[in-house]
Amino acid sequence: MILYYSGCGNSRWVAETLANQLQERLFFIPESTPNLDVQVDESLGFVFPVYAWAPPKLVLDFVQRMSFRQRPSYIWFACTCGDEGAFTRQVFSRKMRKKGLLLDACFCMQMPETYVAFPGFALDTPPNERRKIETVRADLPRVTQLIKNRTRNHYEMIWGTFPLIKTYLLRPLFYRFIITDRHFRTTNVCTGCGLCKKVCPLHNIRLEDKHPVWLGNCTHCMSCYHHCPTNAIQYGKITQGKGQYYFGKK
Ligand SMILES: Cc1cc2nc3c(=O)[nH]c(=O)nc-3n(C[C@H](O)[C@H](O)[C@H](O)COP(=O)(O)O)c2cc1C
120 MILYYSGCGN SRWVAETLAN QLQERLFFIP ESTPNLDVQV DESLGFVFPV
170 YAWAPPKLVL DFVQRMSFRQ RPSYIWFACT CGDEGAFTRQ VFSRKMRKKG
220 LLLDACFCMQ MPETYVAFPG FALDTPPNER RKIETVRADL PRVTQLIKNR
270 TRNHYEMIWG TFPLIKTYLL RPLFYRFIIT DRHFRTTNVC TGCGLCKKVC
320 PLHNIRLEDK HPVWLGNCTH CMSCYHHCPT NAIQYGKITQ GKGQYYFGKK
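For the sequence shown, position 248 (counting from the first letter as 1) is numbered 367 according to my numbering, and the numbering increases by one without interruption.
#1: Output the distance between the C-alpha atoms of F181 and P153, rounded to the nearest integer angstrom.
#2: Given W333, which residues of its chain have a CB within under 7 angstroms of its CB, disregarding the five upstream and five downstream residues?
#3: Considering I266, what are the terminal residues of the alpha helix (DSSP H) in which it resides?
#4: With L321 as the anchor, note down where its alpha helix (DSSP H) starts and where it stops.
#5: Cβ atoms of C315 and C343: under 7 angstroms apart, would you say?
#6: Could you tell me whether the region 236-250 touches the region 263-280, using the rule of 3 or more Cβ pairs below 8 angstroms?
#7: For the alpha helix (DSSP H) containing R216, list its first residue and its last residue.
#8: Going by beta-carbon coordinates alone, are M215 and E161 separated by less than 7 angstroms?
#9: Tell me the residue span of the alpha helix (DSSP H) that contains F237.
#10: Inspect the beta-carbon positions of F187 and L220 and report whether they are closer than 7 angstroms.
#11: Confirm, please, whether the CB-CB distance from I277 to C227 is below 7 angstroms.
#12: Could you check the C-alpha separation between F82 and E203 for me, to the nearest Å?
#13: Return the chain-ordered list of same chain residues with a C-beta closer than 8 angstroms to the C-beta of N247, the five sequence neighbours on each side being excluded.
#14: Pop quiz: C337 and L321 are said to be a contact at Cβ under 8 angstroms. What is the actual Cβ separation, rounded to whole angstroms?
#15: Express the C-alpha separation of I194 and E135 in angstroms, rounding to a whole number.
#16: Going by other Cβ atoms of all chains shown within 10 Å of its Cβ, with 16 needed for buried, is D223 buried or exposed?
#17: Beta-carbon within less than 8 angstroms of Q183's beta-carbon, same chain only, minus the 5 sequence neighbours each way: which residues are those?
#18: Could you check whether G128 and Y365 sit closer than 7 angstroms to each other, using their CB atoms as the reference points?
#19: Between which two residues does the beta strand (DSSP E) holding H330 run?
What follows is the structure in C-alpha cells.
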C-alpha cells in the first residue's frame, strides 16, 4: 500500500511509477481514511514532497491519526525535493516511533522546484527541470528493487547545508509566519475557468462570481498558481515574473 501527497505532480508521478512497478495499491492522503486496511505481510510506503526541510505537516498529521488492525511488515518513504531534504527522515521517523513503528528505508529525489512564494525562491531553468526528471526516471527501477527486496536500514537523504538549522529552526518559523493564503489574488486576466479550484489538493478554493476565493486552509503547495492557464494567480508581488511549472506541463 502506498500513500502519497503531491501539490504540483512531482510526487504523484513518483508515487504512480513506484505503485506501478511494485504492483501496489495507491491512495491520495488528503482523501484517505487513516484507518488503514493493511493486509498480512503487506508493506506501507509514503511518497511526498519536502516542505520546509521536512515532510509536509498534513502528512505528519495523517501519520499521527493512522491506525491498523494488521501492522505493516515493511515501512518506507520516498520524498521529492527541489534541492535538499535536510532532517526529513528524522522528523518522519520520530512520528513513526510515536506510533510504535520503525522506518525501514527512505529515498530522496531532486525534482523541479515548485516553491516561489518567498523572495529569492525561483523555478529551475527548463533544461534543469528536464535533467532532474530524467535522472529520477532512470533511478526509479533501482528504488523499486530495493523496496521489493525489503532492504532494511537503508536511508538515502540529500542533507544539503546546515540541515539542523533548517529543519529545526527555520521550519517552525516558516509554518508560523510564511504559510498563509491571505496574499493570493487574481489579476484581471483571470477568465473564471475554475481550474484553480479543481487542482487544489486541500479543496481550499471556492469560486465567487467565477473568481477564486481562498478559504484559509492552505499549505502553500502553489498548485493553483502553477496551473492557472493565464498566470492570473499571484502571491502578493513575490511571484511576479517567476514563471509556472507543474509535472507534465508542456
Ligand atoms: C511549501 C513548499 C516548501 C518547499 N520546501 C522545500 C525544501 O525545504 N527543500 C527543497 O529542496 N524543496 C522544497 N520545496 C520544493 C518541493 O519539495 C519540490 O519541488 C517537490 O518536488 C514538489 O512536489 P510536488 O510537485 O509533488 O508538490 C518546497 C515546495 C513547497 C511548495
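Built from N, CA and C at the ideal position, the CB exists for glycine as well.
From the atom records:
#1: Position 62 of the sequence shown holds residue 181. Position 34 of the sequence shown holds residue 153. Rounded to whole angstroms, F181 to P153 spans 6 angstroms at the Cα level.
#2: The residue given as residue 333 occupies position 214 in the sequence shown. Result list for W333: D300, F303, N323, I324, in chain order.
#3: Mapped onto the sequence shown, residue 266 falls at position 147. Its alpha helix (DSSP H) spans residues 245-267.
#4: The residue labelled residue 321 in the question sits at position 202 within the sequence shown. It is not in any alpha helix (DSSP H) - L321 carries neither H nor E in the DSSP assignment.
#5: Working through the sequence shown from its first residue, we reach residue 343 at position 224. Working through the sequence shown from its first residue, we reach residue 315 at position 196. In contact: C343 and C315 (Cβ atoms closer than 7 angstroms).
#6: Not touching, per the Cβ criterion.
#7: Against the sequence shown, residue 216 aligns to sequence position 97. That run of the alpha helix (DSSP H) goes 207-217.
#8: For this step, residue 215 is matched to residue 96 along the sequence shown. For this step, residue 161 is matched to residue 42 along the sequence shown. Going by C-beta atoms, M215 is not nearer than 7 angstroms to E161.
#9: Position 118 of the sequence shown, counted from the start, is the residue given in the question as residue 237. Neither: F237 is in no alpha helix (DSSP H) and is coded neither H nor E.
#10: Numbered from its first residue, the sequence shown carries residue 187 at position 68. Numbered from its first residue, the sequence shown carries residue 220 at position 101. Result no, Cβ atoms of F187 and L220 do not sit closer than 7 angstroms.
#11: Taking the first residue of the sequence shown as position 1, residue 227 is located at position 108. Taking the first residue of the sequence shown as position 1, residue 277 is located at position 158. Going by C-beta atoms, C227 is nearer than 7 angstroms to I277.
#12: The chain is shown only over 120 to 369; residue 82 falls outside these bounds and no answer can be derived.
#13: Along the sequence shown, read from residue 1 onward, the residue named residue 247 stands at position 128. P231.
#14: Walking along the sequence shown from the start, residue 337 turns up at place 218. Walking along the sequence shown from the start, residue 321 turns up at place 202. Confirmed, about 7 angstroms.
#15: Translated into the one-based positions of the sequence shown, residue 135 becomes position 16. Translated into the one-based positions of the sequence shown, residue 194 becomes position 75. About 17 angstroms.
#16: For the purposes of this step, residue 223 is taken as residue 104 along the sequence shown, with counting starting at 1. It counts as buried.
#17: Translated into positions along the sequence shown, residue 183 becomes position 64. Around Q183: K214, K217, K218.
#18: As a position in the sequence shown, residue 365 is number 246, starting the count at 1. As a position in the sequence shown, residue 128 is number 9, starting the count at 1. At a Cβ-Cβ threshold of 7 angstroms, Y365 and G128 count as neighbours.
#19: Counting from one through the sequence shown, the residue named residue 330 turns up at place 211. Unbroken beta strand (DSSP E) run through H330: 330-333.
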